[in-house]
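Numbering (this note's numbering), first residue to last: 2 to 355.
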């Protein structure tokens, strides 16, 4: 459909169950949409870039919270990735965990909880993954093998947290840029292990279950439209989702039906690392290095086997190009000025090889 003939349209997402209003009249042409607050503005010509003072840099390890593990593990070699405790954790590992329910399945989508208010101790795990020892290197500046190793570090730590019976879910995420929630400019990501399954995770699984019960198919396995495809590899597809809540939002989805991110192997991690690097490069080039978040949406630990046919993990990238307003906060619906097909075409045709 030509841009000029676009009219507003409402679409419902089949994974989160959200309604999105596409309103191209609220924006300029999709190709003109840029971040007005780039995360790494360039210094003035001839000016020397400021020297960073950052505890995540190599040589400043003693200023950080305790290390959990590093890559490579041999302490006689320089580290490339460090996984450490968060110095200011949202949840604390030194708090008494809540009692586990006998025979309970904390991850089962159909699990019923008692209505009303409830309080748990602030137990949990909040970790940081320092993706590189260098302050001036971003995740997508690493080669595909470097991004692979970061992904494998995520998976290794998620597996460790999964051994703790009180941890029901681990949210892996990256905040890039201050307005996207990053308190440190040095490239890093985080994960939170919670003693409950977050409501959006339950909502996602329940929405995907409804699709599966009606069609017999996983809603992510069913995505076939070439109009929203950006790129694909032997193991993954990168798309702008049919009902993207945010302009230039990207999902990277395993082409094989897989429920748990932390079961990723070396080959798939390299494939994903290469594709993730390319997608972040495209967003940086097209949108003027925008602040962004990415999140790994995986299945909760101990998910019932009956839920596995519709639980499909994926990675969501959200550039922060607009402010969430009262309509979105009040209704749970989003307004997106860029149709997914237009965003996918722009990103698909963007060459980042130079």
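For glycine and all other residues, C-beta sits at the position ideal for the given N, C-alpha and C.
Residue i versus residue j - alpha carbon distance
i	j	result
residue 295	residue 155	13 angstroms
residue 338	residue 25	4 angstroms
residue 179	residue 185	8 angstroms
residue 16	residue 310	14 angstroms
residue 312	residue 299	8 angstroms
residue 292	residue 175	11 angstroms
residue 150	residue 270	8 angstroms
residue 64	residue 193	21 angstroms
residue 93	residue 85	14 angstroms
residue 326	residue 336	9 angstroms
residue 348	residue 279	10 angstroms
residue 152	residue 272	11 angstroms
residue 297	residue 159	11 angstroms
residue 237	residue 70	28 angstroms
residue 169	residue 114	14 angstroms
residue 206	residue 329	22 angstroms
residue 324	residue 334	14 angstroms
residue 331	residue 118	21 angstroms
residue 1	residue 262	As shown, the chain starts at 2 and ends at 355. That puts residue 1 outside it, with no answer to give.
residue 162	residue 75	22 angstroms
residue 55	residue 61	7 angstroms
residue 8	residue 218	31 angstroms
residue 138	residue 198	34 angstroms
residue 200	residue 306	20 angstroms
residue 264	residue 10	38 angstroms
Assigned secondary structure, residue i (DSSP; H/G/I helix, E/B strand, else coil)
i	result
residue 141	helix
residue 127	strand
residue 19	coil
residue 348	helix
residue 244	coil
residue 342	helix
residue 194	strand
residue 328	helix
residue 263	helix
residue 354	coil
residue 10	strand
residue 167	coil
residue 184	coil
residue 77	coil
residue 120	coil
residue 154	helix
residue 238	strand
Residue of the options minimising C-alpha distance to residue i
i	options	result
residue 228	24, 289, 341, 182	341
residue 221	243, 143, 202	243
residue 214	332, 308, 327, 237	308
residue 83	91, 181, 73	73
residue 249	305, 100, 224, 319	319
residue 354	142, 80, 131, 315	142
residue 122	305, 98, 272	98
residue 145	305, 10, 18, 268	268
residue 167	10, 303, 259	303
residue 344	161, 61, 23, 18	23
residue 226	346, 289, 198, 173	346
residue 177	290, 12, 264	290
Enclosing alpha helix (DSSP H) for residue i [first to last residue]
i	result
residue 213	200-216
residue 337	No alpha helix (DSSP H) holds residue 337; the beta strand (DSSP E) holding it covers 335-337.
The beta strand (DSSP E) enclosing residue i, as first and last residue numbers
i	result
residue 70	68-72
residue 316	315-320
residue 175	170-177
residue 268	Here residue 268 belongs to no beta strand (DSSP E); instead the alpha helix (DSSP H) covers 267-288.
residue 230	230-233
residue 86	82-86
residue 93	Element bounds for residue 93: n/a, residue is neither H nor E.
residue 298	293-298
residue 251	251-255
Cβ-Cβ distance between residue i and residue j below 8 angstroms
i	j	result
residue 351	residue 257	no
residue 196	residue 124	yes
residue 284	residue 140	no
residue 277	residue 234	no
residue 133	residue 77	no
residue 224	residue 251	no
residue 96	residue 246	no
residue 204	residue 130	no
residue 316	residue 240	no
residue 90	residue 59	no
residue 181	residue 321	yes
residue 356	residue 136	The shown model of the chain, from 2 to 355, leaves out residue 356, and the question about it has no answer.
residue 171	residue 274	no
residue 212	residue 301	no
Contact test: residue i Cβ vs the ligand MG heavy atom, cutoff 7 angstroms
i	result
residue 284	Because no ligand of any kind appears in the structure shown, any question about the ligand MG cannot be addressed here.
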